[in-house]
Amino acid sequence: MQAKTEQLRERTRNFAVRVLHVCRALPYCSESRVVGHQLLRSATSVAANYRAVCKARSPADFISKLGIVEEECDETIFWLKFLVDAGLMKAERLFSLIDEAKQLAAIFAASRRTAKAHKSTIGTWQS
Numbered sequence: 000m001q002a003k004t005e006q007l008r009e010r011t012r013n014f015a016v017r018v019l020h021v022c023r024a025l026p027y028c029s030e031s032r033v034v035g036h037q038l039l040r041s042a043t044s045v046a047a048n049y050r051a052v053c054k055a056r057s058p059a060d061f062i063s064k065l066g067i068v069e070e071e072c073d074e075t076i077f078w079l080k081f082l083v084d085a086g087l088m089k090a091e092r093l094f095s096l097i098d099e100a101k102q103l104a105a106i107f108a109a110s111r112r113t114a115k116a117h118k119s120t121i122g123t124w125q126s
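Here numbering that gives the first Met the number 0 is used: position 112 in the sequence shown is 111, and no number is missing along the way.
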């Protein structure tokens, strides 16, 4: 596996772990549980689905799975901002996570665009 791929796998996993710690720090109330569950689901999905990207069976599968990861990043950004808007977490606590989610989303969007542009030129697919 390429070093960049492994670094991104590690980065997405670390991102999910950081979000888990934020969810553990949420106040104990029904609103926090609901929002925290949604946030944790989307953030862990970024990491899990990126692993699936790495195992894609074809260029089309690769592009499709990258799209899922990009969408999950976007949803995670939504929930992180929602925590602040709802007064459940201070913005300062989430700045770095929001920034990381935006960076990851940009990486996956760029990768998807590149893969789509080169899809027809890929001679053989190796997973």
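Just so it is clear, CB atoms sit at the ideal spot from N, CA and C, and this is done for glycine as well.
This structure is a prediction, so every number in the text was calculated from the model and none was measured.
task = Could you tell me whether the Cβ of residue 115 comes closer than 8 Å to any Cβ of chain E?
result = Absent here is chain E; the protein component of the structure consists of one chain.
Three-way DSSP call (helix, strand, coil) for residue 117 in this model = helix
query = What residue range is occupied by the uninterrupted alpha helix (DSSP H) comprising residue 66?
reply = 58–84
task = With distances taken Cα to Cα, identify the nearest neighbour of residue 18 among 37, 53 and 109.
result = 37
key: Touch test, the segment 7–14 against the segment 40–49, Cβ-Cβ under 8 Å, three pairs minimum   = yes
query = Out of curiosity, what's the CA-to-CA distance linking residue 27 and residue 53?
reply = 37 Å
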